[in-house]
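The next block holds one structure in the form of structure tokens; read it before the comments.
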Amino acid sequence: MKIISAKVIVTCPGRNFVTLKIMTDQGVYGIGDATMNGREKAVVAYLEDHVVPCLIGMDPRRIEDIWQYLYRGAYWRRGPVTMRAIAAVDVALWDIKAKMANMPLYQLLGGRSRDGIMVYGHANGSDIAETVDAVGQYIDLGYKAIRAQTGVPGIKDAYGVGRGKLFYEPADAALPSVTGWDTRKALNYVPKLFETLRDIYGFGPHLLHDGHHRYTPQEAANLAKMLEPYQLFWLEDVTPAENQEAFKLIRQHSVTPLAVGEIFNTIWDAKDLIQNQLIDYIRCTIVSAGGVTHLRRIADLAALYQVRTGSHGATDLSPVTMGTALHFDTWVPNFGIQEYMRHTEETDAVFPHDYHFDKGELFCGETPGHGVDIDEDLAAKYPYKPAYLPVARLEDGTMWNW
Ligand code: KDG
Ligand code: MG
1 MKIISAKVIV TCPGRNFVTL KIMTDQGVYG IGDATMNGRE KAVVAYLEDH
51 VVPCLIGMDP RRIEDIWQYL YRGAYWRRGP VTMRAIAAVD VALWDIKAKM
101 ANMPLYQLLG GRSRDGIMVY GHANGSDIAE TVDAVGQYID LGYKAIRAQT
151 GVPGIKDAYG VGRGKLFYEP ADAALPSVTG WDTRKALNYV PKLFETLRDI
201 YGFGPHLLHD GHHRYTPQEA ANLAKMLEPY QLFWLEDVTP AENQEAFKLI
251 RQHSVTPLAV GEIFNTIWDA KDLIQNQLID YIRCTIVSAG GVTHLRRIAD
301 LAALYQVRTG SHGATDLSPV TMGTALHFDT WVPNFGIQEY MRHTEETDAV
351 FPHDYHFDKG ELFCGETPGH GVDIDEDLAA KYPYKPAYLP VARLEDGTMW
401 NW
């Protein structure tokens with residue numbers, strides 16, 4: 001069996017997605033997601049110029065060998081562009097293998113560990129009252145877990161307060177828009193949101209919060225400690241994770257569960273945080289961390305330390321990643337939760353898929369493969385539109401972490 005061609009499809013049905021389609025001499029094809037929000041064309045060039053030519057003639061059944069070829073063979077290891085390109089190939093090859101086996105992907109991974117996949121959505125509002133309403137709407141939709149973000153008085157466009165409610169789309173302009181940040185104001189406001197949410201909705205729903213890399217380790221420890229009475233499911237990316245020692249300070253002061261990893265690309269980024277038990281949930285996902293083949297290694301390492309999975313699933317992760325992630329989640333023994341921001345109708349039409357939502361859970365289908373396809377004719381009707389993530393500045397103009 002041979003790979004005879006592979007093409008990169010860029011489409012913008014409401015937002016940009018980069019998809020790799022690998023064709024074989026037996027008529028079976030596989031698709032993989034390679035989207036990197038705001039830097040899409042870098043992955044397109046990496047795939048078209050440096051990966052696709054190497055794939056032609058290879059045996060698509062040799063998933064592990066092709067993964068190692070692309071990782072070790074490039075010499076330049078790791079990084080968000082390389083690992084997304086590898087992920088796209090890997091996912092397309094797992095799709096092909098599962099189609100050849102006439103099985104849904106989760107069966108190839110080891111079979112079902114659970115029935116449904118608990119997901120969380122993003123509730124947000126410009127202030128506490130609006131966010132409280134948004135959380136209520138998610139509860140009405142049957143969600144068991146909800147991420148709550150609020151605007152903060154005096155801060156321009158705080159992180160996570162999107163334009164939409166069920167769709168969260170931060171990449172909103174042809175050049176980066178500028179948002180504001182002030183840690184002191186956030187520290188004085190965010191705990192009040194969770195106090196209000198627990199007063200109104202009780203301790204039934206799981207609540208999550210994303211610090212989006214904004215706090216210093218000391219501030220992060222302070223926030224984690226102040227949020228303790230509200231028993232969050234997790235506090236995410238509360239401080240940047242380049243310096244992983246920093247998490248010790250947070251751990252010493254709080255038992256609020258911590259989640260990190262949506263911008264990690266390999267097991268090497270996650271290893272120290274996991275082995276030192278400085279986090280509770282690992283957020284790496286299929287597209288950013290080298291596909292099914294590599295995410296499985298991260299999850300297995302995490303399992304040794306009772307760290308559970310909580311894969312990134314914002315709107316910029318295409319339905320191809322979401323579908324594949326759900327097969328992964330259906331199998332992975334140390335599953336925690338799956339993020340799920342819905343795609344627009346246009347996106348769903350371009351990527352027909354067999355997963356569905358019911359009462360706070362997602363369910364993958366039984367179609368052979370990962371269950372997600374691409375309608376190329378429809379995709380062609382939505383040409384690429386440059387769109388950047390915003391940047392953040394402090395009140396005095398200093399650049400901060402978005
Ligand atoms: O592209 C960036 C988004 O995916 C990211 O900002 C979303 O932090 C995020 C989350 O937790 O979903
Ligand atoms: Mg996040």
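So for the sequence shown, the UniProt record's numbering puts the first residue at 1; every next one is plus one. Don't be surprised by glycine CBs; every beta carbon is placed ideally from N, CA and C.
Report buried or exposed for residue i, applying the criterion of at least 16 other Cβ atoms within 10 angstroms of its Cβ.
i: Pro257; result: buried
i: Arg84; result: buried
i: residue 409; result: Residue 409 is absent from the model: the chain starts at 1 and stops at 402.
i: Ser311; result: buried
i: His50; result: exposed
i: Gly313; result: buried
i: Met322; result: buried
i: Asp280; result: buried
i: Asn102; result: exposed
i: Gly142; result: exposed
i: Val44; result: buried
i: Gln275; result: exposed
i: Phe203; result: exposed
i: Pro229; result: exposed
i: Thr398; result: exposed
i: Trp181; result: buried
i: Glu64; result: exposed
i: Val255; result: exposed
i: Ala380; result: exposed
i: Tyr340; result: buried
i: Ser224; result: Per the sequence presented here, residue 224 reads as Ala, with Ser not at that position. Buried, since its Cβ has 16 or more Cβ neighbours within 10 Å.
Between which two residues does the beta strand (DSSP E) carrying residue i extend?
i: Trp331; result: Run containing Trp331: none in the beta strand (DSSP E); it sits in the alpha helix (DSSP H), Pro319 to Trp331.
i: Thr19; result: Phe17 to Thr24
i: Ala6; result: Ile3 to Thr11
i: Thr309; result: Arg308 to Ser311
i: Val238; result: Val238 -> no beta strand (DSSP E), and no H or E assigned at all.
i: Ile274; result: First-last for Ile274: Ile267 to Gln275, but that is the alpha helix (DSSP H), not the beta strand (DSSP E).
i: Leu258; result: Leu258 to Val260
i: Tyr29; result: Tyr29 to Asp33
Alpha helix (DSSP H) containing residue i: first to last residue?
i: Ile63; result: Ile63 to Gly73
i: Ile200; result: Thr183 to Tyr201
i: Ala88; result: Pro80 to Met100
i: Leu389; result: Counting along the chain, Leu389 falls outside any alpha helix (DSSP H), and DSSP gives it neither H nor E.
i: residue 405; result: Residue numbering for the chain in the displayed model covers 1 to 402; residue 405 lies beyond these limits and cannot be assessed.
Looking at chain C, is there any beta carbon in it that lies within less than 8 Å of the beta carbon of residue i?
i: Phe247; result: In the structure shown, chain C does not exist; there is a single protein chain.
Taking Cβ positions, are residue i and residue j nearer each other than 8 Å?
i: Cys12; j: Pro319; result: no
i: Ala42; j: Thr19; result: no
i: His213; j: Gly160; result: no
i: Val292; j: Val91; result: yes
i: Leu362; j: Val81; result: no
i: Pro170; j: Pro368; result: no
i: Thr150; j: Asp133; result: no
i: Gly371; j: Asp354; result: yes
i: Gly162; j: Ile146; result: no
i: Phe328; j: Leu109; result: yes
i: Leu55; j: Val8; result: no
i: Pro390; j: Asp172; result: yes
i: Lys192; j: Val152; result: no
i: Glu242; j: Asp210; result: no
i: Thr285; j: Ala259; result: no
i: Met100; j: Val28; result: yes
i: Lys21; j: Ile263; result: no
i: Glu3; j: Pro53; result: Note on identity: in this sequence residue 3 is Ile, with Glu being the wrong assignment. No. Outside cutoff.
i: Thr315; j: Phe167; result: yes
Is residue i helix, strand or coil when you go by DSSP?
i: Asn222; result: helix
i: His253; result: helix
i: His206; result: strand
i: Asp172; result: coil
i: Thr293; result: helix
i: Asp300; result: helix
i: Phe264; result: coil
i: Val52; result: helix
i: Tyr230; result: helix
Would you say the beta carbon of residue i comes nearer than 7 Å to a heavy atom of the ligand ATP?
i: Glu262; result: Inclusion of the ligand ATP in the displayed structure is not the case, the ligand content consisting of the ligand KDG and the ligand MG alone.
| field | alpha helix (DSSP H) runs contained entirely in the segment 97-170, provided each spans 4 or more residues | value | With a minimum length of 4 residues, the unbroken runs of alpha helix (DSSP H) contained wholly in the segment 97-170 fall at 105-109 and 128-140.
| Which ranges does the beta strand (DSSP E) cover as unbroken runs of at least 3 residues, wholly within the segment 338-380, from first to last along the chain? | If we require 3 residues or more, the beta strand (DSSP E) runs fully inside the segment 338-380 come out as 356-358 and 361-363.
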